[in-house]
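For the sequence shown, my numbering assigns the number 1302 to the initial residue and increments by one for each residue that follows.
Data first, discussion second: the structure below is written as structure tokens.
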Amino acid sequence: MTTSTAVPPAPPAPPTTPTETSRRPRPESHARGALTMGYVAKLLLVALVDALGVYGIFAGSAHESWGIVGFLAFALLLVNLVYFVPSRRLIPAKYLVPGLLFLLVYQVFVVMYTGYTAFTNWGDGHNSTQSDAVTAILSQNERRVDGSPSYGLSVVEKGTTLGFAVVAPGKTPQVGTAASPLTDVPGATVANGVVTALPGYSVLDFSSIVQRQQEITNLRVPVSANPNDGSIRTTDGSVGYLYRSTYSYDAATGILTGPEGTYRADEKVGNFVDAKGQKIEPGWKVAVGFKNFTDVLTDSSLRGPFVSVLIWTFAFAILSVLLSFGLGLFLAITLNHPRVRGQRLYRSLLILPYAMPAFLSAVVWAGMFNQTFGFINTVLLRGASVPWLNDPWLAKGAVLLVNLWLGFPYMFLVCTGALQSIPADAIEAAKIDGASGPRIFRSITLPLLLVSTAPLLISSFAFNFNNFNIIYLLTQGGPRDLTAGVNVGSTDILISFVYKLAFQGVNRQYGLACAISILIFLIVASISAATFRRTRALEELN
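If you want it as structure tokens, here you go:
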């Protein structure tokens, strides 16, 4: 008799937990698709970066800017290494490298280049090399050579560059541009003594010459690599004449000879200088050491304007902080009183100037201060003609008023938050001890308030010390001080003064502007460091 053994049923599978579900591998096709899409996106982005970098390398090589070429090559190598080498150690670098490269370009390079420029004479008349200065001096003093033969001339163009094709009697046709001297060009077609066709160039017709007449008459094509040989110029686009400079240059001795005498190259100032110390312009870019810094305090034409601008800058920054903080604190204390109704409405209205774009507010205020058509004179003062922006002292008052309008809402918000964080127990204990309201404010409220707001006051001072926008948009630094030897106005602060030195006026002085920029940094950094020490002492005291 056969006995059958019953097999017990298998126990049910335990329920799947969310953790186990998340650990299950994704379908292979989905993972492969996501990986492919991500890799293609990364490949396209890096390819775009590589293309821009290679273009920059070629452009930098053409201008012999080897520092830029080296940095771009390093950056491209680093980017491709980080994003294509499969290593877990390089994962953090994928997030750090872009920010690091932007930091080097927009912060470190700018600071270092500003420091370098501050020790040079770079500016108008000193923005190139000595050889370029020699060429400029010779070309500026060129005159037509009397009795020299004329040349059959055609105006030619290669790409966007104009040039001259000339035919001298008995010689091979030649072509040249402003950057390259005349050279022989076999294969040119000549008819009636002028070139009518030239391989690689297009010959301009009469209508094209008329349209570009000013550009053509200003063009000079060097005869040879020696600047003393002169150049070819034209007055009508059909006949060329030989011009030579009234100056001559001896490259072996570095002496420039002109009608008034001889000039030697002085590498200390970057100019050709005669025996009496008279300079001839233009010069070239050289290192001048601390000259830009010493000129600020020793040059009579610069010292007075700089000192007056420095004093006004301190006054503007300090008064702006004190006025905006004082008004903001007063309004914050007033609206923080429990008996005041509609606090939310009043606070919303008071922050409207802060919510508006600052540049727009400054432009509107400039229109309101207009002497003839402004709202203040025509409406509020009933047709008065007050020169708000044309009088030195009124312009300073207007600048402070507009800056107060723009700055007090920020201080109001800060002081409101600081007041609400002061313990109510300390105020109540002072009242029980019989302290008056002014005494409570002076001994408890203000010290506790300054602990939290002092860093913000320091940053506000630094901001207003360099508040270029309000000065430029409202007064542009004016009214102009006609007694000063440089372009400066009554409301100019240091940063707007630097802007005018670098980008306005007849003589732009980049080196001097960079030197003053460094002085601004040292002043603000020193004051900020000293004030932060006092702030820490205040925190320890409380």
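Ideal Cβ positions, reconstructed from N, Cα and C, are used throughout, including at glycine.
Evaluate contact between the stretch 1623-1637 and the stretch 1696-1714, counting only Cβ atoms and requiring at least three cross-stretch pairs below 8 Å. yes
What are the partner residues of F1465, as DSSP defines its beta bridges? Numbered from 1 along the sequence shown, position 164 holds the residue referred to as residue 1465. V1456, G1477, per the DSSP bridge assignment.
So who's on the other strand from A1498, going by DSSP bridges? For this step, residue 1498 is matched to residue 197 along the sequence shown. Answer is T1490.
Let's test the definition: count the other Cβ atoms within 10 Å of the Cβ of P1560 and tell me whether it reaches 16, buried, or not, exposed. Stepping through the sequence shown from its first residue, residue 1560 is reached at position 259. The residue is exposed, with fewer than 16 neighbouring Cβ atoms inside 10 Å.
Less than 8 Å between the beta carbons of L1255 and C1716, yes or no? Lying outside 1302 to 1843, the shown extent of the chain, residue 1255 is not represented and no answer is given.
At the level of alpha carbons, what is the spacing between V1665 and P1639? Reading the sequence shown from its first residue, position 364 is the one you call residue 1665. Reading the sequence shown from its first residue, position 338 is the one you call residue 1639. If I take the Cα positions, the gap works out to 36 Å.
Indicate the three-state DSSP secondary structure (helix, strand or coil) for R1642 in the structure shown. As a position in the sequence shown, residue 1642 is number 341, starting the count at 1. The answer is coil: DSSP assigns R1642 none of H, G, I, E or B.
Which whole-angstrom value describes the C-beta separation of D1575 and Y1564, a residue pair presumed to lie in contact below a C-beta threshold of 8 Å? In the sequence shown, the residue the question calls residue 1575 occupies position 274. In the sequence shown, the residue the question calls residue 1564 occupies position 263. Indeed, because the Cβ distance is near 5 Å, the residues count as touching under 8 Å.
Ignore the nearest five residues each way along the sequence and tell me which others in L1377's own chain have a CB closer than 7 Å to its CB. Reading the sequence shown from its first residue, position 76 is the one you call residue 1377. Hits under 7 Å: D1351, G1354.
T1832, DSSP secondary structure in three states: For the purposes of this step, residue 1832 is identified with residue 531 of the sequence shown, where counting begins at 1. Here T1832 sits in helix by DSSP.
Quick check on the burial criterion: 16 or more other C-beta atoms within 10 angstroms. Buried or exposed for H1427? On the sequence shown, residue 1427 is found 126 positions in, with the first residue counted as 1. Burial call: buried.
Excluding the 5 residues preceding and the 5 following M1302 in the sequence, name in chain order all residues of the same chain whose CB lies nearer than 7 Å to its CB. Taking the sequence shown and counting its residues from 1, one reaches residue 1302 at position 1. Caution applies to M1302, whose pLDDT of 43 falls short of 50 and renders its modelled position unreliable; the value that the coordinates give is listed next. Cβ neighbours of M1302 beyond the five flanking positions: none.
Can you give me the start and stop residues for the alpha helix (DSSP H) that V1703 sits inside? Here residue 1703 refers to the residue found at position 402 of the sequence shown. Note, V1703: alpha helix (DSSP H), 1693-1721.
Taking DSSP as the reference, what is the three-state secondary structure of I1652? Here residue 1652 refers to the residue found at position 351 when the sequence shown is read from its first residue. Here I1652 sits in coil by DSSP.
If you count every other CB in all the chains shown that lies within 10 Å of the CB of G1675, and 16 or more means buried, which is it? Here residue 1675 refers to the residue found at position 374 when the sequence shown is read from its first residue. Label assigned to G1675: buried.
Entirely enclosed alpha helix (DSSP H) segments - the stretch 1327-1411, minimum 4 residues: 1329-1363, 1367-1385, 1392-1404
Might you give, ordered along the chain, the residues of its own chain that have their beta carbon closer than 7 Å to the beta carbon of T1836, omitting 5 neighbours on each side? Walking along the sequence shown from the start, residue 1836 turns up at place 535. A1755, P1756, listed in sequence order.
M1302 (DSSP reduced to helix, strand or coil): To locate residue 1302, count along the sequence shown from 1; it is residue 1. Note that M1302 has pLDDT 43, beneath the 50 cutoff, so the model's placement of it is unreliable and the number below is only indicative. Note: M1302 maps to coil in three-state DSSP.
Nearest-angstrom Cα separation, counted from P1693 out to R1683: As a working note, residue 1683 is residue 382 in the sequence shown. As a working note, residue 1693 is residue 392 in the sequence shown. Using only the alpha carbons, I get a separation of about 23 Å.
Within 8 Å, strictly: CB atoms of I1771 and A1663: If you number the sequence shown from 1, residue 1771 lands on position 470. If you number the sequence shown from 1, residue 1663 lands on position 362. A contact, by the Cβ cut-off of 8 Å.
Would you mind working out which of V1468, E1443, G1453 sits nearest N1519, comparing C-alpha positions? For the purposes of this step, residue 1519 is taken as residue 218 along the sequence shown, with counting starting at 1. It is E1443.
My guess is that V1456 and L1405 are in contact by the Cβ rule of under 8 Å, so how many angstroms apart are they, rounded? The residue labelled residue 1456 in the question sits at position 155 within the sequence shown. The residue labelled residue 1405 in the question sits at position 104 within the sequence shown. 46 Å between Cβ atoms; not a contact.
Determine contact between the stretch 1409-1429 and the stretch 1597-1606, defined as no fewer than three beta-carbon pairs at a distance below 8 Å. no
Quick one: complete beta strand (DSSP E) runs, 3+ long, within the stretch 1502-1584? 1532-1535, 1540-1546, 1549-1551, 1556-1559, 1562-1567, 1572-1574
Could you please give the first and the last residue of the uninterrupted beta strand (DSSP E) stretch that includes R1445? Taking the sequence shown and counting its residues from 1, one reaches residue 1445 at position 144. Its beta strand (DSSP E) spans residues 1443-1445.
State the beta-bridge partners of T1421 as determined by DSSP. Locating residue 1421 in the sequence shown gives position 120, where the first residue counts as 1. T1421 pairs with A1588.
Taking only the alpha-carbon atoms, compute the straight-line gap between F1591 and G1571 and give it to the nearest angstrom. To locate residue 1591, count along the sequence shown from 1; it is residue 290. To locate residue 1571, count along the sequence shown from 1; it is residue 270. When rounded, the distance between both Cα atoms is 15 Å.
Suppose the cutoff is 8 Å on Cβ atoms and the five residues either side in sequence are ignored; what does the same chain contact list for A1498 look like? For this step, residue 1498 is matched to residue 197 along the sequence shown. So the list reads A1489, T1490, V1504, once near-sequence residues are dropped.
Taking only the alpha-carbon atoms, compute the straight-line gap between R1834 and A1618 and give it to the nearest angstrom. Residue numbering aside, residue 1834 sits at position 533 when the sequence shown is read from its first letter. Residue numbering aside, residue 1618 sits at position 317 when the sequence shown is read from its first letter. Cα to Cα, the separation comes out at about 20 Å.
Give the straight-line distance between the Cα atoms of Q1515 and D1596, rounded to the nearest whole angstrom. Residue mapping note: residue 1515 aligns to position 214 of the sequence shown, counting from 1. Residue mapping note: residue 1596 aligns to position 295 of the sequence shown, counting from 1. In a straight line, the C-alpha of Q1515 is about 41 Å away from that of D1596.
Tell me the DSSP bridge mates of D1485? One-based indexing of the sequence shown puts residue 1485 at position 184. Beta-bridge pairing links D1485 to Q1475.
Quick check: the Cα distance between S1449 and Y1544, rounded to an integer number of angstroms? Indexing the sequence shown from 1 puts residue 1449 at position 148. Indexing the sequence shown from 1 puts residue 1544 at position 243. Whole-angstrom Cα-Cα distance: 9 Å.
DSSP three-state label for R1809, please. Translated into positions along the sequence shown, residue 1809 becomes position 508. In this structure, R1809 counts as coil in the three-state DSSP scheme.
So who's on the other strand from R1781, going by DSSP bridges? If you number the sequence shown from 1, residue 1781 lands on position 480. R1781 pairs with G1790.
Euclidean distance between Cα positions of L1653 and N1678: Looking up residue 1653 in the sequence shown gives position 352. Looking up residue 1678 in the sequence shown gives position 377. Cα-Cα distance, rounded: 24 Å.
Express the C-alpha separation of R1743 and L1632 in angstroms, rounding to a whole number. Along the sequence shown, read from residue 1 onward, the residue named residue 1632 stands at position 331. Along the sequence shown, read from residue 1 onward, the residue named residue 1743 stands at position 442. Those two C-alpha atoms are separated by around 17 Å.
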